[in-house]
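Let me begin by presenting the structure, written as structure tokens, before commenting on it.
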Amino acid sequence: MAPLSLSAVESSLQTTWIGRAPLGANELWDSIDSTNTRAKELAAQGAPNGTLILARRQTAGRGRLGRIWESPLDAGVYMTVLLRPGEKSIYEMPLLTIAAGVAAARAIEQVASVRIGLKWVNDLVLDGRKLGGILAESSGTLAPYVVLGMGINLKLETADLPDELRLKVASLHEFAKDEIDPSRLAAAIWSQFEQLWQPLQSGQCQQILGEWRDYSVTIGQKIKATIGEKTLEGLAVDVTDSGALKLIQDDGALIELTAGEIQIRTAGGAYC
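Using my numbering, read the sequence shown as starting at -16 and increasing by one per residue.
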């Protein structure tokens, strides 16, 4: 597998503004703590909208709920785009993450001929295991920006994983017939995401939500949701126009989740 290449990503992008910042604005790191952390640093320095940060390895990648993990060199593709949405600065973060998931699912199908699943709100799954994740973070300041990060396992060896993760993590090379070019995949993901940006920004998201439902492994499943110290159980029935998850609890009450972590009940009754 050829290593991730910035020039190859830039030349393969089919975009008008993502990755099209002035020469030298995009970055590729052989090793970095977190592409999201670096994107925030660049945002504070005035980096332009659409700047891409990519890495062949992350030593302190961040996930939901503050989780940290290390990614071996060239085992996956790790990347973040810096978004400056202007006056429309407060996004429904679930909806932004949903759009990113649809973009990733489209691109993986295009590049690797593999259909993945999407687990609310930020997981990419394959064969019931986690293939990758998405993390959107907002500045919450008077100079608003959003960093949208994504990590996808391409060729992760199970020997590199802790015992407790070996049956929970998937790698794309297990399912793809041909070797996957990480640069082509990265370019395809951000090209697909840019196509979704205008309807996302204008609030015309029904097609995005419809596609997400088609890829969803969450809707129709019994789930356990953890929000802070609170745990809820019930049936996931749909997502709202803002990307919240609709849950019918066991007592029949309908609630909408805008944040939290979910586990899906398996056929054996366990949650994972």
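Note that CB positions come from ideal geometry on N, CA and C, so glycine has one too.
Alpha-carbon spacing of R47 relative to I210, whole angstroms: Unreliable placement is indicated for R47, whose pLDDT of 48 sits below 50; the coordinate value is still reported in the next sentence. The straight-line gap from Cα to Cα measures roughly 12 Å.
Our contact map puts G134 next to Y61 with C-beta atoms below 8 Å; I'd like the distance itself, whole angstroms only. Contact flag correct, Cβ pair sits at about 5 Å.
For D57, name the three-state secondary structure that DSSP assigns. If DSSP states are grouped into helix, strand and coil, D57 belongs with coil.
Give the secondary structure of I99 by DSSP, where H, G and I count as helix, E and B as strand, and everything else as coil. When secondary structure is reduced to three states using DSSP, I99 falls in the coil class, being assigned neither helix nor strand.
Applying the criterion that 16 or more other CB atoms from any shown protein chain within 10 Å of the CB defines a buried residue, is E212 buried or exposed? Counting the other CB atoms within 10 Å of its CB gives E212 a total below 16, which places it among the exposed residues.
At the level of alpha carbons, what is the spacing between W12 and E24? Rounded to whole angstroms, the gap between the alpha carbons of W12 and E24 is 15 Å.
Exposed or buried, which one is C255 when buried takes at least 16 other CB atoms within 10 Å? Exposed, by the Cβ-count rule.
Starting from the C-beta of L230, find all residues in its chain whose C-beta is less than 8 Å away, skip the five residues before and the five after it, and write them out in chain order. So the list reads I206, A208, L215, G217, L218, A219, V220, L237, I238, E239 and L240, once near-sequence residues are dropped.
According to DSSP, is Y254 helix, strand or coil? Three-state DSSP puts Y254 in a strand.
Residue nearest to P(-14) in terms of C-alpha spacing, selected from R40, L65, D161 and K160: Checked all of R40, L65, D161 and K160; the closest Cα to P(-14) is R40.
R167, enclosing alpha helix (DSSP H) - first and last residue: R167 -> alpha helix (DSSP H) spans P165 to S185.
Looking only at its chain, what residues have a beta carbon closer than 6 Å to the beta carbon of D16, apart from the 5 residues adjacent to it on each side? If we look at D16 and ignore the five residues flanking it on each side, its Cβ neighbours are T42 and A43.
Please classify S96 as buried or exposed, where buried requires at least 16 other C-beta atoms within 10 Å of its C-beta. Exposed: under 16 other Cβ atoms inside 10 Å.
Determine the burial state of E140: buried for a count of at least 16 other Cβ atoms within 10 Å of its Cβ, exposed for fewer. Result: exposed.
With 16 other Cβ atoms within 10 Å as the buried cut-off, status of L(-4): With 16 or more other Cβ atoms within 10 Å, it is buried.
Buried or exposed, going by whether 16 or more other CB atoms sit within 10 Å of the CB of W0? By the 10 Å Cβ count, W0 comes out exposed.
Neighbour-count burial assignment, G102, 16 or more Cβ in a 10 Å radius: Checking the displayed sequence, the identity of residue 102 turns out to be Lys instead of Gly. Buried is the call here.
Quick one: Cα of L78 to Cα of A(-9), how far? Taking the straight line from one Cα to the other gives about 30 Å.
Per DSSP, S256 is paired with what? There is no way to answer for residue 256, as the model of the chain reaches only from -16 to 255.
Near R3, which residues of its chain fall below 7 Å by C-beta distance, leaving aside the five closest residues on each side in sequence? Contacts found: G33.
Give me the Cβ distance between A22 and V94, rounded to the nearest whole Å; I'm assuming they're in contact under 8 Å. Not really, about 23 Å apart at Cβ, beyond 8 Å.
Consult DSSP for L192 and reduce its assignment to one of helix, strand or coil. In the structure shown, L192 sits in a helix (DSSP, three-state: H, G or I).
I'd like to know whether the C-beta atoms of P68 and P127 end up nearer to each other than 8 Å. In this structure, P127 lies closer than 8 Å to P68 by Cβ.
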